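Protein chains: 2
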Amino acid sequence: MKTRDFPWRWQKSLVIFDLESKSMFKKVVIIGFGLIGGSIALSIKKNRLAKELVAWDTDQDCLKKGSELNMIDGFAENIKSASEGADLIVLSVPLAEMRGVLEQIDLQDQIITDVGSVKGSFVKDVEKVFTKVPPRLIPGHPIAGSEKKGMRASEANMFEGHSVILTPNEESDKVALDKVSKFWSRIGCKISLMSAEDHDAILAKTSHLPHLLSSLISESMYDEPDRSGALAHAAGSFRDMSRISASDPAIWADIFLSNDLKLIESLDRFLVRLENMKNNIASGNHSEVKTFLERGKTVRDHFSSITKEL
Amino acid sequence: MKTRDFPWRWQKSLVIFDLESKSMFKKVVIIGFGLIGGSIALSIKKNRLAKELVAWDTDQDCLKKGSELNMIDGFAENIKSASEGADLIVLSVPLAEMRGVLEQIDLQDQIITDVGSVKGSFVKDVEKVFTKVPPRLIPGHPIAGSEKKGMRASEANMFEGHSVILTPNEESDKVALDKVSKFWSRIGCKISLMSAEDHDAILAKTSHLPHLLSSLISESMYDEPDRSGALAHAAGSFRDMSRISASDPAIWADIFLSNDLKLIESLDRFLVRLENMKNNIASGNHSEVKTFLERGKTVRDHFSSITKEL
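Chains V and X are the protein sequences, given in the same order. No gaps in the numbering here: position 140 of the first sequence is 140 in the numbering used here, and each next residue is one more. No gaps in the numbering here: position 42 of the second sequence is 42 in the numbering used here, and each next residue is one more.
Below, the structure written as structure tokens:
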């Protein structure tokens, strides 16, 4: 019987029934059960995307806690056994651990994706392990996160309304790309496809450089003789500008070094602007300083109009 | 009759009665009725600090609107008539307009304070107009604000829980200093006293440099060929790091140039760190990069523990 034989109200019910009963995947495996892995688990459960959801991590306590909380249906002893029989593997370990994880995967016809913040270095790791990027491996990056750390900070709606960038290549399997896209769409994300290189160039500007600057804004106060006194007089601007400097130093050191070339390119362009601004302030050039600030305001207002986050 | 003759419960009522009935000032005049002036008006009304509250601004529409909304009791035609009979004058005009405003004040025995973001330049303006800082003029700066602009964005609780820095000198009138301190205390602020120079050094680090960096983070995207596309992939880090770049360019150009020496000092120290970080990334020095990030995280965690704003 086709759905058009039913009145509209019933069709709607049927659609809901269909979505809820039919999971996209039989067995999804999350490798790396931290903030992002945990939030993906919650998103999968919330949207009923897997019949079975299994996780692996070096931290057994987190896995046990995740099972107790029904965030996952079970956990594996090692990556090899976790990857057996999976139809989707999501890699959510820090960049520096990707290669070691890839080496342990028992590669068959699983679809594999990852959530790493740098795509060029991930593709290099994949090529080192598998000679070339397996057609059913679709590199990805959900543009979302938090300065918090660990599975316990997971959020079921971390990715909703955010974009996910996928960086397939010409040999990517169309079915795998389609399934990974639908996976993120069902979680509530907007999907963008681009090359790994374009991804890394954009993220250097919109995420990695701002992160580096945030850390240095905080770090500049490290040696302050009366740091408590100075920080007590800091308000909203310092609060916002320093927020992401609370992020995990090891993970971000990895990101900076993995995207070193694009980050240094962005940093060099930023340094030119900073020197320029400094000279304009030193020479009292009010009109040039104001022009810089106006251009910045134009971009921020543009961003606000796009994201409607203000 | 002394309050100790009453049982405790009655004493408390008496105190409330006393606070509500007895305004601190007969006539308060706010010169400059924008975001900050408007928020001060709302704070004064909320805390019943003035029997009469008058404002002056070049923008007559704002003054009329403020009267209609009962934010103020009336407005003056010019600064001279506004300042007559006032016992407190609060200057909340942009830094560049302070001198012109000071020249028009009919100086008698009014207490005067201001809310300017730079204190050294304000003191210089005062000295140019009055030869020396009048003893009853107490320079001040509430460390609060918003990237929004104009009287209509005013908030009655903008200053609550924030600090206010006052920069009296050795010749300051003790009664005037006490009254200005109590004025801000009653609004809900914590008061700090320091020299104008210390104020400007601290604010360069905690506010002016972060602001400059925020503007340049946004400005760096100005010439981006596909700016919409890039901004669509920006998330929480860019949102926070760019927020204050939406602030009024003219006001912030004034602040940067008014605090030029301290700001350039901070900027130079920041540039050294930025070059250092760049070299560590270029040479793949993971441990040094991580150390920088750890020091930044230490400061941010320190800040969070002080402000409990996270």
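Here a beta-carbon is modelled for each residue, glycine too, at the ideal position from N, C-alpha and C. Note that the structure is predicted; figures quoted are calculated from it, not measured.
(request) Measure the beta-carbon distance from A153(V) to K46(V) and round it to whole angstroms, keeping in mind my assumption that it falls under 8 angstroms. (result) The residue given as residue 153(V) occupies position 153 in the first sequence. The residue given as residue 46(V) occupies position 46 in the first sequence. The Cβ separation is near 17 angstroms, so there is no contact.
(message) I want to verify the contact list: residues of chain X whose CB lies under 7 angstroms from the CB of T206(V), in sequence order.
(response) Here residue 206(V) refers to the residue found at position 206 when the first sequence is read from its first residue. In chain order: A230, H233, A234 and F238.
(request) May I ask you to verify whether the segment 286 to 299 of chain V touches the segment 253 to 270 of chain X, counting CB pairs closer than 8 angstroms and requiring at least 3? (result) The answer is yes - the segment 253 to 270 of chain X touches the segment 286 to 299 of chain V, with three or more Cβ pairs under 8 angstroms.
(request) Give the single residue among S146(V), D106(V), G120(V) and V115(V) whose Cα lies nearest to the Cα of F130(V). (result) By one-based count along the first sequence, residue 130(V) stands at place 130. Comparing alpha-carbon positions, the option among S146(V), D106(V), G120(V) and V115(V) lying closest to F130(V) turns out to be D106(V).
(request) Give the single residue among V164(X), S283(X) and V175(X) whose Cα lies nearest to the Cα of H233(V). (result) Looking up residue 233(V) in the first sequence gives position 233. Ranking the options by Cα distance to H233(V), first place goes to V164(X).
(message) Could you pull the DSSP bridge partners for D114(X) from this structure?
(response) Walking along the second sequence from the start, residue 114(X) turns up at place 114. DSSP, once it has assigned bridges, lists L91(X) as partnering D114(X).
(request) Count the other CB atoms, across all protein chains shown, that sit within 10 Å of the CB of G120(V); report buried if there are 16 or more and exposed otherwise. (result) The count along the first sequence starts at 1 and reaches residue 120(V) at position 120. Counting C-beta atoms within 10 angstroms of its own C-beta, G120(V) has 16 or more neighbours from the protein chains shown and is therefore classed as buried.
(message) Counting only beta-carbon separations shorter than 8 angstroms, does L293(X) have a partner in chain V?
(response) On the second sequence, residue 293(X) is found 293 positions in, with the first residue counted as 1. The beta carbon of L293(X) sits closer than 8 angstroms to some beta carbon of chain V.
(message) So if DSSP puts F311(X) in a beta bridge, which residue, or which two residues, is it bridged to?
(response) The structure shown does not extend to residue 311(X), since chain X is modelled only from 1 through 310, so no value can be given for it.
(request) Please state whether DSSP places L293(V) in a helix, a strand or coil. (result) Within the first sequence, residue 293(V) is the residue found at index 293, counting from 1. Helix, per DSSP.
(request) Examine chain X for any beta-carbon lying closer than 8 angstroms to the beta-carbon of T307(V), and answer yes or no. (result) Here residue 307(V) is taken as the residue at index 307 of the first sequence, counted from 1. T307(V) counts as touching chain X.
(message) Between T298(V) and chain X, is any beta-carbon pair separated by less than 8 angstroms?
(response) Taking the first sequence and counting its residues from 1, the one referred to as residue 298(V) is at position 298. Taking Cβ atoms only, chain X reaches closer than 8 angstroms to T298(V), which makes this a yes.
(request) Can you pull the chain B residues whose beta carbon is under 8 angstroms from the beta carbon of E197(V), in chain order? (result) Protein chains in the displayed structure are V and X, and chain B is not among them.
(message) Comparing C-alpha positions only, which one of K297(V), E219(V) and L257(V) sits nearest to L274(X)?
(response) In the second sequence, counting from the first residue as 1, residue 274(X) sits at position 274. Of K297(V), E219(V) and L257(V), the residue nearest in Cα terms is E219(V).
(message) Using only the alpha-carbon positions, how far apart do M151(X) and E127(X) sit?
(response) Start at 1 with the first residue of the second sequence, and residue 151(X) comes out as number 151. Start at 1 with the first residue of the second sequence, and residue 127(X) comes out as number 127. Near 29 angstroms, if we compare the C-alpha coordinates of E127(X) and M151(X).
(message) Whether or not the segment 201 to 217 of chain X and the segment 63 to 83 of chain X are in contact is what I'm after, with contact meaning three or more pairs of Cβ atoms, one per stretch, closer than 8 angstroms; do they touch?
(response) Contact between the segment 63 to 83 of chain X and the segment 201 to 217 of chain X is not established, with fewer than three Cβ pairs separated by less than 8 angstroms.
(message) At a CB distance below 7 angstroms, what residues from the segment 108 to 120 of chain V approach chain X? Give them in sequence order.
(response) Along the segment 108 to 120 of chain V, there is no position whose C-beta sits under 7 angstroms from a C-beta of chain X.
(request) Whole angstroms is fine: what's the gap from V272(V)'s alpha carbon to M277(X)'s? (result) Your numbering for residue 272(V) matches position 272 in the first sequence. Your numbering for residue 277(X) matches position 277 in the second sequence. In this structure, the CA atom of V272(V) is about 16 angstroms from the CA atom of M277(X).
(message) Taking DSSP's pairing of strands, which residues face W56(V) in a bridge?
(response) As a first step, residue 56(V) is located in the first sequence; it is residue number 56 there, counting from the start. The secondary-structure analysis by DSSP pairs W56(V) across a beta bridge with I31(V).
(message) At the level of alpha carbons, what is the spacing between G116(V) and E68(X)?
(response) Residue numbering aside, residue 116(V) sits at position 116 when the first sequence is read from its first letter. Residue numbering aside, residue 68(X) sits at position 68 when the second sequence is read from its first letter. Roughly 56 angstroms separates the two Cα atoms.
(request) Give the residues of chain V in contact with P94(X), contact being defined as C-beta atoms less than 8 angstroms apart. (result) Taking the first residue of the second sequence as 1, we reach residue 94(X) at position 94. Per Cβ cutoff of 8 angstroms: no residues; P94(X) is ~12 angstroms from chain V at best.
(request) Could you tell me if E103(V) is buried or exposed, where buried requires 16 or more neighbouring beta carbons within 10 angstroms of its beta carbon? (result) On the first sequence, position 103 is the one that residue 103(V) refers to. By the neighbour-count rule (16 or more Cβ atoms within 10 Å), E103(V) is not buried but exposed.
(message) Just verifying my parser: in three-state terms, what is the DSSP assignment at H313(X)?
(response) Limits of chain X in this structure are 1 at one end and 310 at the other, which puts residue 313(X) out of reach.
(request) Please confirm if K290(X) has its CB atom under 8 angstroms from at least one CB of chain V. (result) Reading the second sequence from its first residue, position 290 is the one you call residue 290(X). Closer than 8 angstroms to some Cβ of chain V, the Cβ of K290(X) qualifies, so yes.
(message) In chain order, what are the residue ranges of uninterrupted beta strand (DSSP E) at least 3 long that sit wholly in the segment 165 to 234 of chain X?
(response) Entirely contained in the segment 165 to 234 of chain X, the beta strand (DSSP E) runs reaching 3 residues are, in chain order, 190 to 193.
(message) Taking the beta carbon of Q110(X) as the centre, do at least 16 other beta carbons fall within 10 Å, making it buried, or is it exposed?
(response) For the purposes of this step, residue 110(X) is taken as residue 110 along the second sequence, with counting starting at 1. Classification of Q110(X): buried, given that the 10 Å Cβ count is 16 or more.
(message) Considering only DSSP beta bridges, list what S313(X) is partnered with.
(response) Residue 313(X) lies beyond the stretch modelled for chain X, which goes from 1 to 310, so this question has no answer here.
(request) Please name the residue in L261(X), I217(X) and T206(X) whose C-alpha comes closest to that of A204(V). (result) For the purposes of this step, residue 204(V) is taken as the residue at position 204 of the first sequence. Closest in C-alpha terms to A204(V), from the list L261(X), I217(X) and T206(X), comes I217(X).
(message) Considering only DSSP beta bridges, list what I138(V) is partnered with.
(response) Within the first sequence, the letter at position 138 stands for residue 138(V). Residue pairing from DSSP places I138(V) in a beta bridge opposite T113(V).
(message) Looking at the strands, I want to know which residues DSSP matches up with S163(V).
(response) Residue mapping note: residue 163(V) aligns to position 163 of the first sequence, counting from 1. DSSP output for S163(V) lists K190(V) as bridge partner(s).
(message) For a test of the three-state rule: what should DSSP assign to K51(V), helix, strand or coil?
(response) Here residue 51(V) refers to the residue found at position 51 when the first sequence is read from its first residue. Three-state DSSP puts K51(V) in a strand.
(request) Mind listing the chain X neighbours of Q274(V)? Cutoff is C-beta to C-beta under 9 angstroms, in chain order. (result) Taking the first sequence and counting its residues from 1, one reaches residue 274(V) at position 274. The sequence shown places Leu at residue 274(V), not Gln. Correct list: L212, L213, L216, L267, F270, L271 and L274.
(message) In the DSSP assignment, the alpha helix (DSSP H) including A246(V) goes from what residue to what residue?
(response) Residue mapping note: residue 246(V) aligns to position 246 of the first sequence, counting from 1. For A246(V), no alpha helix (DSSP H) encloses it, and the DSSP letter there is neither H nor E.
(request) Look up S21(X) in the DSSP assignment and say whether it is helix, strand or coil. (result) As a position in the second sequence, residue 21(X) is number 21, starting the count at 1. With a pLDDT of 46 at S21(X), under the threshold of 50, the modelled position of this residue cannot be trusted; read the value that follows with caution. Under the three-state reduction of DSSP output, S21(X) falls in the helix class.
(request) Put K148(X) into one of helix, strand or coil per three-state DSSP. (result) As a position in the second sequence, residue 148(X) is number 148, starting the count at 1. Coil, per DSSP.
(message) Counting C-beta neighbours from all protein chains within 10 Å, is the total for K64(X) 16 or more, i.e. buried, or is it exposed?
(response) Taking the first residue of the second sequence as 1, we reach residue 64(X) at position 64. Under the 10 Å beta carbon count, K64(X) is surrounded by fewer than 16 other beta carbons and is classified as exposed.
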